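In case it helps, the working numbering puts the sequence shown at residues 472 to 948. Cβ atoms here follow ideal geometry from the backbone N, Cα and C, with glycine treated the same way. Remember, predicted model here, so these are calculated numbers, not experimental data.
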Amino acid sequence: MMAKQYETVIGLEVHVELATKTKIFCGCSTAFGGAPNTHTCPVCTGMPGSLPVLNKQVVNYAVAVGLATNCEITQYCKFDRKNYFYPDNPQNYQISQLYLPICRNGHVDIETADGKKSVGIHEIHMEEDAGKLIHDDWEDCSLVDYNRSGVPLIEIVSEPDMRSAEEVIAYLEKLRMTVQYLGASDCKLNEGSMRADVNLSVREVGAKEFGTRTEMKNLNSFRAITRAIENERERQIDLLESGQQVIQETRRWDDTKEYSYAMRSKEDAQDYRYFPDPDLVPVYISDEWLAEIKSRQPEFREEKMARYKEEYDIPEYDIGIITDTKHMADLFEETVAICGQPKKVSNWLMGETLRLLKEKNMDPEDIRFSPENLAKLIGLVDSKAINSSVAKEVFEVLFDKDIDPEKYVEEKGLKTVNDEGALRKTIEDVIAANPQSVEDYHNGKEKAIGFLVGQTMKAMKGKADPGMVNQILKGLL
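Rendered as structure tokens:
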């Protein structure tokens, strides 16, 4: 008898914290960090009698993400109350959208080793985030921080179209890149500004009906998501193989133990007693407003890649990495606009920049140096004012402190010595000090000249043009 073949069916609920300066219904700061309960006011702590006022920028961002993910925009939409009682939810309800979400019926295209695929987006709705419970082991109690309460979120709900962890990661990367390109969020999983809940079920290959699904929470890295999916798939198959049933429930993933455990049985919408929020007027997005948001949409990665290929004549591999983040792409374009040397700019980004990012465990978004200063450094190398090894030293300082390379080279006396007289004098000294190498060279050993060039560079503290040193050496020998 053949073993049964199972298929995994996955849908995602992705929460993205929007990059507004203030919260969704009040003027408090949304900055990450800050002492507990300092970014709060009567509205976001749910004080009786306080009234919410909608932040227009939240609507702008939500529509922009909807347009970028091929959604239909609900031009007349409203907010609903989702009622539940939990200490980090100060009003005892969350303002969300159930009946008329702002975006519906979209899709994003992904590519994995198995080829291209379109993943459906059921809806995107706007809502407010809850506060955060922090457990104090010392006092054995939980404390609540309302700084995050009222931070604007969009929830992107996919269709159950994904069949593997690879597809899930490809979908999340596509969403993250789209949202980052829009500037709607930094999507840092480690800071919780992008969070994914995974709905997963298994069914026999060929079955029409979906199996019973579970929802997994607490996934804050792509690695954790991949492990949680593999683990939950195995768990459900084991249950079915041993004749048991999968229970519909919410599970929490513990990434250190690589194990998930049940948190609560899954609620249905009726448990939340949704009703339209009486304190907020409906949102009407006029054709003009919609057209204005459309006109502000940026050039996305695919369009950028095609344009770079036409315009800049740099390798496709470079294009792929440079356009992977909007920050890197902007830095590249702005530097090229100043110095007009796409290949050289690309070389600095692909070489030294990536090396230092890796060494310092930083993201491309954390790059602090300016296009002006990178262009100046390229100019110094081009004019032979400094050689390539000095340029690398200067770049390390530029990377950390965004210094002006021209001033720095001047102050530290790093300019290449192009004075032929001084150079000739040093080379004569080197020749006099190394008779053996001179003899080797005359006996046909080409390598000997490399040693003499090295000794000269050392004597000049690296501040000579190797080409010029070579030329003078050969002349003298």
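Who are residue i's beta bridge partners in DSSP?
i    : result
W724 : S731
F771 : Beta-bridge pairing links F771 to no other residue.
T583 : G586
C574 : I544, I595
L643 : None, per the DSSP bridge assignment.
D551 : S567, P747
L827 : Per DSSP, none; premise fails for L827.
T493 : S500
S736 : E720
M633 : I481
List the endpoints of the continuous beta strand (DSSP E) containing residue i.
i    : result
Y564 : 564-567
M953 : Because the chain spans 472 through 948 in this model, residue 953 falls outside it and cannot be assessed.
Y477 : 477-488
L993 : Lying before the first or after the last residue shown, residue 993 is absent from the chain, which here runs from 472 to 948.
S613 : 612-616
Whose C-beta lies closer than 6 Å to the C-beta of residue i among residues of the same chain, with five residues either side of it excluded?
i    : result
G682 : S672, V673, R674
A695 : D726
N563 : F556
L827 : F870
E805 : P842
P513 : S521
M518 : none
E877 : K847
V940 : V924, T927
V676 : Q476, E478
T649 : A539
If you follow the alpha helix (DSSP H) that residue i is part of, which residue opens it and which one closes it?
i    : result
I627 : Segment 623-629 is the beta strand (DSSP E) holding I627; no alpha helix (DSSP H) there.
V530 : 527-539
D911 : 906-913
M928 : 918-930
Tell me which residues share the same chain as residue i and place their Cβ nearer than 8 Å to its Cβ, disregarding the 5 neighbours each side in the sequence.
i    : result
I708 : Y477, V673
E830 : none
E582 : K588, A641
I943 : E891, L894, R895, I898
N526 : T491, T493, K494, I495, F496, P623
A498 : Checking the displayed sequence, the identity of residue 498 turns out to be Gly instead of Ala. Contacts found: C512.
T794 : R772, K775, M776, Y779, A800
E637 : T583, A584, D585
Report yes if the CB atom of residue i is closer than 8 Å to the CB atom of residue j, and no otherwise.
i    : j    : result
P561 : G505 : no
A856 : K886 : yes
Y779 : I792 : no
H593 : S629 : yes
N531 : I809 : no
S656 : L489 : yes
A533 : L653 : no
P813 : I849 : no
V639 : I481 : yes
R722 : N691 : no
H486 : S500 : no
Y743 : N554 : yes
E543 : N576 : yes
D668 : K688 : yes
I627 : E598 : no
S731 : E703 : yes
Y745 : Y547 : no
G663 : C515 : no
N670 : R647 : no
E729 : R706 : no
F550 : L751 : yes
P835 : H798 : yes
L571 : T545 : yes
The ligand GTP and residue i: does the residue's C-beta get closer than 7 Å to at least one heavy atom of that ligand?
i    : result
V816 : Ligands displayed in this structure: none; no statement on the ligand GTP is therefore possible.
Apart from the five residues just before and just after residue i, which ones in its own chain have a Cβ nearer than 7 Å to its Cβ?
i    : result
D951 : Look at the range of the chain in this structure, 472 to 948, and you will see that residue 951 is not part of it.
A919 : S908, D911, Y912
D616 : P507, N508, G602, K603, I605
N905 : L923, Q926
G591 : H578, S629, E630, D632
M821 : D789, I792
Quick one: which unbroken alpha helix (DSSP H) runs of 4-plus residues sit fully inside the stretch 654-727? Chain order, please.
Complete alpha helix (DSSP H) runs here, min 4: 693-712.
Which residue spans inside the stretch 742-815 form an unbroken alpha helix (DSSP H) run of at least 4?
If we require 4 residues or more, the alpha helix (DSSP H) runs fully inside the stretch 742-815 come out as 758-766, 772-783, 787-793, 797-810.
Tell me the start and end of each unbroken alpha helix (DSSP H) in the stretch 844-904 that is at least 4 residues and wholly inside, in chain order.
As far as the stretch 844-904 is concerned, its whole alpha helix (DSSP H) runs of at least 4 residues are 859-872, 876-882, 891-904.
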